[in-house]
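Positions -2 to 562 (my numbering) are the ones given, in order, by the sequence shown. Okay, structure first, notes after.
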Amino acid sequence: MIESKSRNEMWFTAIKLWEETIGSTSILLKKEAIAPYTKNTIGIRRNIKGILIPKSTQEVQEIVRIARKYKTPLYPISGGKNWGYGSSSPVEKTSFIVDLSKMNKIRNFDAELGVVTVEPGVTQQDLYEFFKKNGDQFMVPTTGAGPSASILGNALERGYGLTPHSDHFEAITSFNAVLPNGDLYKPALEELGGKKINKLFKWGLGPYLDGLFTQGNFGIVTEGTILIARRPESISTFFFSLKDDASLEGAIKAIRTIKEELGQNTGAINLMNARRVLSMIEPFPKNEMNDQNVISDEIIKQLSKKHLITEWTGFGAIYGKKEMTKVIRKIIKKTLKPYIKRINFISESTIKTARYSRFIFPGYYKNTLKQKLDFLASALQNVSGVPSQVALPLAYLRSSKNPNMNTIVNPAFDNCGLIWHAPLVPLTPIDVRKHVEIINDICPKHNINPLITLTIFSEQCCDSTIPLLFDKEDSQDELTAKACHNELLKVEGREGYLPYRLGVDKMKEIIDPELPCWKFSKALKESIDPDQIIAPGRYTPYQEDEIAEVPIGINNLTASETIIL
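Here you go:
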């Protein structure tokens, strides 16, 4: 074991060398500068020693080489918008953050073949503005995280969205990454001289290695090339209401048929329970709760009647030629008909026409219609590849603050309490019903509202996202939400409904280092990064060195100031 003084001296030497390499203005060491990076929505505390902000792949390589020599743990982030899973927080308790948000170049845009290369700092809004300047032919792969979230960061977590390329990692064709020794990894086809074809063919040549850089810690990705969906002639959304809760099983079969028959002419289809829909259009009814967090079934019925909401609401999008979309509408309507009470198809022209009612019925428009049209317009934006913040107010449901939608919304900075439970569920009526029953049973026991969204992105499987919302200013409320999450993971795990991604606080708990797959992952990690320099503990099993918790006293200093050890 390294003596604490020796460890402190090595880390301080690393800081001085980083300052020489990337400049003192690209290193943050004071507590007030580090503080924003410690904020998260899941209620964890991490001892972040400093922030390194490189502007190029070469600077990342130098940072890693220095870190390796002086055994300094690094935790890379694309922008820290990983809300509900940890935000900017590292897995292990002590690390230096490598903030890649200033690496925001967009290049190798090929409008003919539909690919573009982005660095980690490129946000949804950045890519949207880039496409606007270059013909506006393509759609941004949007997510609910909003305009300020990283394109590459979401793909590295194997996230998904509602546009035609709904599986964002599937749309990645190529990664470049800095390895733990500072070398730059490029796929085999590019190394052999096929730079262009490498960006067009995902699987490359030889062992497929790019996947190691997703949900792992084998390197720091500095750029990725993605397939981008061309904006079709016609885009419309459809909203449908199931007749009742008993129609859920039949609707699952119908949606599976739609996905099988219509393919990429429909994006992912969402099914949301009434509580989840109401959370987007109604403020939390605090005055009627009597200190209870779970909204009663009676209040849900009243609010559902007010907004004409049934127990389940579906939402999806249609892409294609105008002639095709007319036929597709008929197919969707016919397939869903036995299970739905109503279905509405919404396009931009529909919303524009409806807005004319403000001149004819100004009172009705202001008090009733405007909010709904604004919501529909934002939903249509998202499926059209236009970044929107429409999903972010959900994080504020139990917060004392209201989001300012005219600014960049940041739930972590606003001290919102949100933990995502995101299990994968087989797309069978039996499995979906069993999953829904588990959520409806466990969440209320822990005083958590059961808000359910089933995102059906294939004909075999869906992902269910359950936001566990709590009052971050109430420590007991936070503990209750975490207990709820633990029970959900345990009970759903027994049924085989396992999460598609993990929060930074759950990686050690869920992963069993004795299983062969994780032993293999650990062996790979130890062979290329024996000192656990890059993102220690991120998915790959690792026991943190106790000495890492010794404070080194740098949080109030710059690298050029003297540290008394």
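The beta-carbon is built from N, C-alpha and C at its ideal position, and this holds for glycine as well. Here the structure is a predicted model, which is why all the values come from computation and not from measurement.
Local Cβ density within 10 Å of residue i, reported as buried at 16 or more and exposed below that
i    : result
K256 : buried
D294 : exposed
L14  : buried
M136 : buried
V387 : buried
R491 : exposed
R273 : buried
K334 : exposed
Y205 : exposed
Q121 : buried
S520 : Per the sequence presented here, residue 520 reads as Ala, with Ser not at that position. Classification of A520: exposed, given that the 10 Å Cβ count is below 16.
T160 : buried
A11  : buried
K479 : buried
S233 : buried
T22  : exposed
L512 : exposed
I507 : exposed
N483 : exposed
N5   : buried
W8   : buried
I427 : exposed
Backbone secondary structure at residue i - three-state DSSP
i    : result
Y362 : Low per-residue confidence applies at Y362: pLDDT is 47, beneath 50, and the placement is therefore not dependable enough to give any value.
G247 : helix
A174 : strand
D471 : coil
L239 : strand
I508 : coil
F106 : strand
E345 : helix
I416 : strand
N131 : coil
I439 : helix
F454 : coil
Y494 : coil
D428 : helix
D502 : coil
P423 : strand
I74  : strand
P93  : Strictly speaking, residue 93 in this sequence is Phe, with Pro absent from that position. Correct three-state label for F93: strand.
L339 : Reading off the sequence, residue 339 comes out as Arg, not Leu. R339: strand per DSSP, three-state reduction.
T211 : coil
E230 : coil
S375 : helix
P390 : helix
E220 : strand
H120 : First, the residue type needs correcting, since residue 120 is Thr and not His in the sequence shown. Here T120 sits in strand by DSSP.
P538 : coil
S524 : helix
I12  : helix
Residue-level contact to chain D via CB, residue i, 8 angstroms cutoff
i   : result
G47 : Absent from the structure: chain D. Only one protein chain is present.
Residue closest to residue i, alpha-carbon to alpha-carbon, out of the options
i    : options                : result
I453 : R4, L149, I252, G216   : I252
S381 : P138, D502, L202       : P138
R326 : G313, S145, F128       : G313
L310 : C459, E29, E16, S244   : For the record, residue 310 in the displayed sequence is Thr; it is not Leu. When only C-alpha atoms are compared, the closest one is S244.
T54  : K331, C440, D96        : D96
I169 : K196, D180, K442       : K196
S86  : N131, A32, R65         : A32
K183 : G208, Q134, G118, E230 : G208
L486 : C440, E246, D468       : C440
Y125 : L110, S147, E109       : S147
I225 : T322, A108, E187       : A108
8 angstroms contact criterion, which residue i and residue j should meet: CB distance rounded
i    : j    : result
L239 : I531 : Contact flag wrong, Cβ pair sits at about 47 angstroms.
V61  : V175 : 5 angstroms
E116 : K102 : 5 angstroms
K99  : I50  : 5 angstroms
T462 : A392 : Actually they are not in contact, since the Cβ atoms of T462 and A392 sit about 12 angstroms apart, beyond 8 angstroms.
L415 : E456 : Contact doesn't hold; Cβ gap of about 30 angstroms is too wide.
W515 : G81  : The pair is not a contact, with the Cβ atoms about 24 angstroms apart (cut-off 8 angstroms).
D468 : R395 : 5 angstroms
L389 : G143 : 5 angstroms
S145 : K78  : 6 angstroms
I'd like the ranges of any beta strand (DSSP E) spanning at least 3 consecutive residues and lying wholly in the stretch 253 to 337.
266 to 270, 309 to 317
Every unbroken alpha helix (DSSP H) within the stretch 19 to 62, with a cutoff of 4 residues, ordered by chain:
28 to 35
Sequence ranges, alpha helix (DSSP H) only - wholly within the stretch 139 to 191, length at least 4
148 to 153, 185 to 188
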